[in-house]
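Counting from 47, one number per residue, gives the positions in the sequence shown under the numbering used here.
Below is one structure; the comments refer to it alone.
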Amino acid sequence: MLVLLACLYLYLPAPAGATEIKVAAASDLTFAFKDVVAGFEKQTGNRIILTYGSSGNFFSQIQNGAPFDLFFSADVSFPRKLEAAGLTEPGSLYEYAKGEIVIWVPNASKLDLSKGLSVMLDPSIRKIAIANPLHAPYGAAAVAAMKHVGIYDQVKSKIVQGENISQAAQFVHSGNAEVGIVALSLALAPAMKSDGRYVIIPPQDYPPLIQAAVILKSSPEKKVANQFLQFLKEPKTVALMQQYGFVVPEAIAAAHGNAPAPQ
47 MLVLLACLYL
57 YLPAPAGATE
67 IKVAAASDLT
77 FAFKDVVAGF
87 EKQTGNRIIL
97 TYGSSGNFFS
107 QIQNGAPFDL
117 FFSADVSFPR
127 KLEAAGLTEP
137 GSLYEYAKGE
147 IVIWVPNASK
157 LDLSKGLSVM
167 LDPSIRKIAI
177 ANPLHAPYGA
187 AAVAAMKHVG
197 IYDQVKSKIV
207 QGENISQAAQ
217 FVHSGNAEVG
227 IVALSLALAP
237 AMKSDGRYVI
247 IPPQDYPPLI
257 QAAVILKSSP
267 EKKVANQFLQ
277 FLKEPKTVAL
287 MQQYGFVVPE
297 AIAAAHGNAP
307 APQ
């Protein structure tokens, strides 16, 4: 069974001379960052302590003094609000990717995903899993997409909310919901890819999920935090993020000769 935690801590003792940074990351990055961070640590010898959760919750924690060095949000609005509040390192905001949402069902499901979001009207569906739209950008995108196609009012009583997009994925993967609207990056994770099928929701159905990172002003390790941001721009990291379904910003892709992932 896939276990996706609402808040996951990754901690390993750093070797002598290495620098540790604390990173708050939106939970849609759970699988992509496992590989990205491993590559960074191998290349630099530094160590990253990751905490995964919902962007809105991290926003509140950072406002209240949570000791993170870097914040990777699932949208750009939370980092911009922190920037406006003077809580970020000036000029450090970086739009690192654009996310996408999909409809995901287990392999055993008889639901016809070719119907797109209209499949949510199927009477066999009792529960629809999404992330909490109040503090998870992927949840807000799910609600926006359902409203865009005119089905939200008909299905809202069936919606169950995960605290973040990973928990929403866990609900549908474990059978506690018949269908879920989850991040493409999670649908491409090995367990979900082998245990289910998905269809991409047209990007025009919801506001763009532009994802941004920012270095926090309170960080004592700004140099290494910036080093990690620069690592995300390297060709091998760009390619890795694309493998997990992220659309890499066109400027970065063009700079490294990589075409943006298809939409």
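Ideal placement from N, C-alpha and C gives every residue a C-beta, glycine not left out.
Length of the line joining the Cα atoms of residue i and residue j
i: V151; j: M238; result: 9 Å
i: A187; j: V165; result: 17 Å
i: A235; j: F86; result: 20 Å
i: L117; j: G132; result: Before going on, a small fix: residue 117 reads as Phe here, not Leu. Rounded to whole angstroms, F117 to G132 spans 14 Å at the Cα level.
i: H219; j: P125; result: 30 Å
i: G31; j: V225; result: This structure cannot settle anything about residue 31, because the visible part of the chain is limited to 47 through 309.
i: Y184; j: S138; result: 23 Å
i: V69; j: I95; result: 6 Å
i: P308; j: V293; result: Since pLDDT at P308 reaches only 34, below the 50 mark, its modelled position is unreliable, and no value is offered.
i: Q289; j: S100; result: 22 Å
i: P98; j: A72; result: It is worth fixing the name first, because residue 98 is Tyr in this sequence and not Pro. Approximately 6 Å between the Cα atoms of the pair.
i: A120; j: K193; result: 20 Å
i: L230; j: E280; result: 22 Å
i: L167; j: A214; result: 19 Å
i: G91; j: L159; result: 45 Å
i: T65; j: S240; result: 37 Å
Expected contact under 8 Å - CB spacing of residue i and residue j to nearest Å
i: T223; j: V206; result: Position check: residue 223 holds Ala in this sequence, whereas Thr was assumed. Rounded, the Cβ-Cβ distance is 6 Å, consistent with contact.
i: L232; j: S203; result: Not really, about 25 Å apart at Cβ, beyond 8 Å.
i: E146; j: P249; result: 6 Å
i: I67; j: F277; result: Not a contact, Cβ separation roughly 12 Å.
Member of the options whose CA lies at the smallest distance from the CA of residue i
i: S265; options: Y290, P113 and V122; result: P113
i: E135; options: K144, N272 and V293; result: N272
i: V201; options: E66, N92 and I174; result: I174
i: I149; options: I67, S240 and I246; result: I246
i: V284; options: I67, V82 and S155; result: V82
i: G291; options: K193, F79, F277 and A84; result: F79
i: R93; options: G162, E267, K282 and A130; result: E267
i: S155; options: A258, Y244, L230 and Y252; result: Y244
i: D74; options: D158, L286 and V228; result: V228
Bridge partner(s) assigned by DSSP for residue i
i: V228; result: V148
i: I325; result: With the chain covering 47 to 309 only, the question about residue 325 has no answer from this structure.
i: L116; result: V69 and I261
i: G208; result: A177
i: A143; result: Q257
i: I246; result: V148
Chain-order list of residues whose beta-carbon lies under 6 Å from that of residue i (same chain, five-residue window excluded)
i: N103; result: H181
i: I256; result: V122, E141 and K144
i: T76; result: Y98 and S212
i: N210; result: A52, S73, G99, S100, A177 and A182
Nonlocal neighbours in the same chain, by C-beta distance under 8 Å from residue i, ignoring five residues either side
i: L128; result: F105, I108, Q109, F117, T134, V260 and L262
i: V189; result: I176, P179 and Y198
i: F217; result: K173, A175, V206, G208, A223 and G226
i: D251; result: L163, A190, A191, H194 and V195
i: K282; result: G85
Contacts around residue i, its chain only, beta-carbon distance under 7 Å, and the 5 residues preceding and following it disregarded
i: R172; result: K204 and E224
i: P254; result: K144
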